[in-house]
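Undergrad:
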Amino acid sequence: MSTPTTIHHFIGGKHYPSSTNQWRDVTNPATQEVVARVPFATRDEVELAVANAHQAFQSWRSSSLGTRMRIMLKLQHLIRENTAELAQLITREHGKTLPDAEGEVARGLEVVEHACSITTLQLGEIAENAATGVDVYNLLQPLGVGAGITAFNFPVMLPCFMFPMAIACGNTFILKPSEQDPSSTMRLVELAHEAGVPPGVLNVIHGGPEVADMLCDHPDIKALSFIGSTHVGTHIYRRASEAGKRVQSMMGAKNHCVVMPDAPKEHALNNLLGSAFGAAGQRCMANSVAVFVGAARDWLPDLVAKSKALKVGPGSDRSADLGPLVNPRAKERVLGLIDSGVAQGAKLLLDGRSLTVPGYEKGNFVGPTVFADVTETMDIYSQEIFGPVLNVVCVDTLEDAIAFINRNPNGNGTSIFTSSGWAARKYQHDINVGQVGINVPIPVPVAYFSFTGSRASKLGDLGPNGKQAVLFWTQTKTVTARWYEDHGSASDGVNTTISMK
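Residues 0 to 500 (the numbering used here) make up the sequence shown, in order.
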């Protein structure tokens, strides 16, 4: 057994050992081996990180767009070169399979590539001669110190949803990654500094709720981005907003996948299962509810058979379809929700509770689980399970499916599988969900489009990525300017009205 790695904060461009007496073990979820120890920052350490970011902002805000672009170009190159290492760190601490971890790095890389276009993204607007001899123009200027709090399920991709665009826009940044799997995040930050991010521009502190509250309250932090659970996200949004910050809070979900009877059967079922069970269901965009319309309900036996054939194993096994849950508490919670589904009358078609992976008996494994006859009042439907559990609902018509999904308070993502352009267009028009996939199982848009979850899945007007990210991480300054020819030119006299002459 190897010696656990000691994780440090990252402040002022270097690793900063913590003086805290509060530490947390980071474990491999397939074996329970302790692979790292992470500190919970003291108040003084948080203050130091903010002070470094605040000081660095004074010069970084005036750096040229070209300078920031070149750093992002270097960073995307380094991420490509180190994808295998990042993926291995993700798998070791999160548990997702190596191919899935590599896919996560690739999706995070998309955001860095988008940030390489900052020279055109952070452009203002100008109106020449808005009045006689008067020009009006907007400047998109950085806010100051930004902060980000990320969930455990994407330890590379979620930080990429935050700091690359924030610092490319001229802000400095403090990241609080999940304490459950921080090593890949720390390696990503090291690569950013290798790419040329100046000391103090990107800082990392570790900790739990107390550290998150410090970030919400600190007067020198001007904007905060959060991705995680609804309970925590609502608290973060309210607390940081009351402290006068700009906040975006991307939260929980209950995503639905509609399967029409005219859908290409094999494609629909395979994509549905990949979405529901990939990463052991630990995705905020996982389709955890399948809505079969009309005769598509006859495919349910095939769905169960395909689910039963999926391979569960450690993430290091490239042949595995899904790995373990992140920790024993997550497994206990998922098993409890499965128990509640049985108790509340759902029909358990496939039970993954008793699964054991040979050689990994201590792992947090739950096998693919499928419920039918699920109703809206059941806990397995009303709560986000965040595990490999698929609920199946059967309805008669597309209109019934749309009405059913629109009654759910969440609006992160949804998909429809169909061969009908009419059905697809009706669905995208009538569904009240922020992100829609048409024959696409996980409709997370490419990074130059914004992440647009809605309703109870999102608080704040602006989401990560795309144009909305630039607007979130900048403030608009409007300048109205007139220049006179010389000091001796004639004057129009005193104007006591608000009209512009």
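Beta carbons are placed, not taken as given, at the ideal position from N, Cα and C, and that holds for glycine.
#1: Name the DSSP beta bridge partners of Ala130, please?
#2: Closer than 6 angstroms by C-beta to Gln427: which residues in its own chain qualify, once you throw out the five before and the five after it? Chain order, please.
#3: Is the Cβ-Cβ distance between Thr475 and Asn51 less than 8 angstroms?
#4: So, Leu461 versus Tyr236, is the Cβ gap smaller than 8 angstroms?
#5: Are Val111 and Leu74 closer than 8 angstroms when you measure CB to CB?
#6: So the beta strand (DSSP E) Thr479 belongs to, where does it begin and stop?
#7: For His113, collect the residues of the same chain with a Cβ closer than 6 angstroms to its Cβ; drop the 5 residues on either side in sequence, then sort them by chain order.
#8: Indicate the three-state DSSP secondary structure (helix, strand or coil) for Asp372 in the structure shown.
#9: If you run the structure through DSSP and keep just helix, strand and coil, what is Pro38?
#10: How is the alpha helix (DSSP H) around Met284 delimited, first residue to last?
#11: Locate the alpha helix (DSSP H) running through Val149, then write down its first and last residues.
#12: Contact check, Gly322 vs Thr96 under 8 angstroms by CB: the rounded distance?
#13: Please report the distance separating the alpha-carbon of Thr424 from that of Met71.
#14: Measure the C-alpha to C-alpha separation of Arg317 and Ile204 and round it to an integer number of angstroms.
#15: Sort out for me which residues DSSP pairs Gly410 with in a bridge.
#16: Which same chain residues, not among the five before or five after Leu349, have their C-beta less than 7 angstroms away from its C-beta?
#17: Look at Glu127 and Ser182 and say whether their C-beta atoms are less than 8 angstroms apart.
#18: Taking the Cβ atom as the reference point for each residue, do Ala146 and Ile226 lie within a distance shorter than 8 angstroms?
#19: Quick one: what's Ser183 bridged to in DSSP?
#20: Looking only at its chain, what residues have a beta carbon closer than 6 angstroms to the beta carbon of Ser419, apart from the 5 residues adjacent to it on each side?
#21: Any contact of the segment 287-298 with the segment 240-259, i.e. 3+ C-beta pairs under 8 angstroms?
#22: For the pair the segment 102-111 and the segment 158-166, tell me if three or more CB-CB distances fall below 8 angstroms.
#23: Report the rounded CA-to-CA distance for Val25 versus Asp134, giving the unit in angstroms.
#24: With contact counted as at least three CB pairs below 8 angstroms, one residue from each stretch, are the segment 191-205 and the segment 2-15 in contact?
#25: On the DSSP letters alone, give me the boundaries of the beta strand (DSSP E) that His76 sits inside.
#26: Where does Thr171 fall in DSSP's three states?
#27: When the Cβ atoms of the segment 277-286 are set against those of the segment 43-57, are three or more pairs found closer than 8 angstroms?
#28: Quick one, which of Asn326, Gly312, Pro387, Thr376 has its alpha-carbon nearest Gly358's?
#29: With distances taken Cα to Cα, identify the nearest neighbour of Gly232 among Ala222, Glu241, Pro218, Gln247.
#30: On a Cα-Cα basis, can you pick out the residue from Gly94, His8, Gly410 that is closest to Phe153?
#31: Tell me whether Thr119 is buried or exposed, calling it buried when 16 or more other Cβ atoms sit within 10 Å of its Cβ.
#32: Within a Cβ cutoff of 6 angstroms, which residues of the same chain sit near Val49, ignoring the five residues on either side of it in sequence?
TA: Taking the coordinates as given:
#1: Val133
#2: Val435
#3: no
#4: no
#5: yes
#6: 473-481
#7: Ala446, Tyr447
#8: coil
#9: strand
#10: Segment: none, Met284 is in no alpha helix (DSSP H) and carries neither H nor E.
#11: In the sequence under discussion, the amino acid at residue 149 is Thr, which differs from the Val named in the question. Here Thr149 belongs to no alpha helix (DSSP H), and DSSP marks it neither H nor E.
#12: 5 angstroms
#13: Just to set this straight, residue 424 is Arg in the shown sequence, not Thr. If I take the Cα positions, the gap works out to 38 angstroms.
#14: 33 angstroms
#15: Ser453
#16: Val303, Ser306, Lys307, Pro367, Thr368, Val369
#17: no
#18: no
#19: Answer is none; Ser183 lacks a bridge partner.
#20: Asp261
#21: yes
#22: yes
#23: 57 angstroms
#24: yes
#25: Not the beta strand (DSSP E): His76 falls in the alpha helix (DSSP H), residues 64-80.
#26: strand
#27: no
#28: Gly312
#29: Gln247
#30: Gly94
#31: exposed
#32: His217, Asp219
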